[in-house]
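Structure, as structure tokens:
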Amino acid sequence: MTGRLAWRLSLRSFAPWALGKNPAPRPRGQPLPPGSLRSISPPLCGKRIRYICENEAIPMPLHWENVNTDLPYQLIPLHSQTHEYNEVASLFGKTVDRNRIKRIQRIQNLDLWEFFCRKKAQLKKKRGVPQINEQMLFHGTSSEFVEAICIHNFDWRINGIHGALFGKGTYFARDAAYASRFCKDDVKHGNTFQIHGVTLQQQHLFRTYKSMFLARVLIGDYINGDSKYVRPPSKDGSYVNLYDSCVDDTWNPRVFVVFDANQIYPEYLIDFH
2 MTGRLAWRLS LRSFAPWALG KNPAPRPRGQ PLPPGSLRSI SPPLCGKRIR YICENEAIPM
62 PLHWENVNTD LPYQLIPLHS QTHEYNEVAS LFGKTVDRNR IKRIQRIQNL DLWEFFCRKK
122 AQLKKKRGVP QINEQMLFHG TSSEFVEAIC IHNFDWRING IHGALFGKGT YFARDAAYAS
182 RFCKDDVKHG NTFQIHGVTL QQQHLFRTYK SMFLARVLIG DYINGDSKYV RPPSKDGSYV
242 NLYDSCVDDT WNPRVFVVFD ANQIYPEYLI DFH
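For this note's numbering, count along the sequence shown from 1 and bump the result up by 1.
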């Protein structure tokens with residue numbers, strides 16, 4: 002609360018709205034009304050509000066469609082005639098035949114998008130630069146992890162780290178062909194589903210499909226990785242000035258390791274055979 006205005010914070014847009022004059026004093030011990038700032042002492046409340054209000058509202062991507070804020074995420078199929086579809090297919094097709102694509106879906110998750118945008122703004126402010134190195138990178142996985150990634154983002158503790166040669170983080174590849182090595186088949190038998198070798202009501206065998214993510218990743222400043230890293234190493238020996246990610250080769254990076262999920266937005270899901 003500042004001056005004679007009460008403020009409400011929107012976790013969706015992080016933008017304030019003036020609500021009017023100060024409300025009547027609340028009796029000691031009475032619960033805060035819904036939407037109030039909980040667990041923040043009065044001396045800190047004003048500082049917290051001013052800090053958040055200095056940030057611009059995070060806009061929803063203009064190309065998102067039919068957004069339903071009641072859902073944790075949405076998968077929007079892309080039509081093969083659209084520019085967006087062909088951009089994704091072209092990246093995939095640099096190292097894998099794009100005719101193998103079954104479908105491409107856009108992932109719309111407002112929470113993960115806001116986390117990603119806030120992290121990007123934080124890195125730009127910390128570095129004092131107008132832009133942060135950002136790339137579209139591939140991540141192959143098993144279908145059993147797809148929904149969890151769409152909701153919660155990547156988590157190497159659950160999704161696996163495939164040897165962790167360059168650090169204990171989430172691995173991404175420049176090339177779809179490399180990422181496809183870590184995709185596991187989902188074998189469909191008629192109307193049934195097989196995973197981990199369990200099949201119910203087996204009929205005739207259809208094609209085998211795999212799933213791969215194309216993610217927007219803030220790789221920032223990177224350095225050669227090492228299996229012992231649990232976070233990016235320091236640039237100058239301090240505990241403050243760290244690199245943003247690790248790679249397999251700084252001269253020609255093909256594998257990227259990210260330790261902070263907020264540096265990642267899983268943007269597209271590619272199903273292919």
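By construction, the Cβ of each residue, glycine as well, lies at the ideal position given by its N, Cα and C atoms.
Please look up how many angstroms separate the CB atoms of residue i and residue j, rounded, as I've assumed it's under 8 Å.
i, j, result
"Gly226", "Asp245", "Incorrect: roughly 12 Å between the Cβ atoms, too far for contact."
"Tyr230", "Pro254", "Not really, about 15 Å apart at Cβ, beyond 8 Å."
"Phe139", "Ala165", "So it is not a contact: roughly 18 Å between Cβ atoms."
"Asn263", "Lys169", "17 Å between Cβ atoms; not a contact."
"Ala90", "Arg99", "5 Å"
"Phe167", "Val256", "6 Å"
"Arg101", "Ile77", "21 Å between Cβ atoms; not a contact."
Rounded to whole angstroms, what's the CA-CA distance from residue i to residue j? Just pull it up for me.
i, j, result
"Lys290", "His274", "In the structure displayed, the chain extends from 2 to 274; residue 290 sits before or after that span and is not available."
"Ser212", "Gln123", "31 Å"
"Ile275", "Val241", "For residue 275 there is no data in the structure shown, the boundaries of the chain being 2 and 274."
"Val258", "Asp237", "20 Å"
"Glu115", "Val97", "32 Å"
"Leu79", "Tyr179", "24 Å"
"Asp112", "Pro73", "8 Å"
"Gln75", "Asp186", "23 Å"
"Asn154", "Gln109", "12 Å"
"Thr3", "Cys118", "Per-residue confidence for Thr3 stands at a pLDDT of 46, beneath the threshold of 50, marking its modelled position as unreliable; no derived number is given."
"Thr251", "His64", "34 Å"
"Glu148", "Ser235", "34 Å"
"Arg182", "Gln136", "20 Å"
"Thr70", "Gly129", "34 Å"
"Leu92", "Gln82", "16 Å"
"Gly221", "Met61", "23 Å"
"Val1", "Ile150", "Here the chain comprises residues numbered 2 to 274, so residue 1 is not present and cannot be evaluated."
"Glu88", "Ser239", "41 Å"
"His84", "Asp272", "18 Å"
"Ser228", "Cys247", "11 Å"
"Pro233", "Trp157", "15 Å"
"Cys184", "Tyr210", "9 Å"
In the DSSP assignment, find the alpha helix (DSSP H) that holds residue i and state where it starts and stops.
i, result
"Lys211", "From DSSP, Lys211 is part of no alpha helix (DSSP H) but of the beta strand (DSSP E) over 206–219."
"His140", "It is not in any alpha helix (DSSP H) - His140 instead sits in the beta strand (DSSP E) that spans 135–142."
"Phe93", "84–94"
"Cys151", "147–153"
"Tyr230", "Segment: none, Tyr230 is in no alpha helix (DSSP H) and carries neither H nor E."
"Asn177", "It is worth fixing the name first, because residue 177 is Ala in this sequence and not Asn. Segment 177–180, the alpha helix (DSSP H) holding Ala177."
Per the DSSP calculation, residue i is bridged to which residue(s)?
i, result
"Tyr266", "Arg217"
"Thr171", "Val259"
"Gln75", "Gln109"
"Phe273", "Ile102, Lys211"
"Ser235", "Leu243"
From what residue to what residue does the beta strand (DSSP E) around residue i run?
i, result
"Ser246", "246–248"
"Arg104", "102–109"
"Val259", "256–259"
"Tyr223", "223–225"
Segment contact, 8 Å Cβ cut-off, at least three pairs: the stretch 253–269 with the stretch 207–217 = Judged by Cβ distances under 8 Å, the stretch 253–269 makes contact with the stretch 207–217, as three or more pairs qualify.
With contact counted as at least three CB pairs below 8 Å, one residue from each stretch, are the stretch 136–151 and the stretch 168–177 in contact?
-> Taking one beta carbon from each stretch, the stretch 136–151 and the stretch 168–177 have 3 or more pairs nearer than 8 Å; the two touch.
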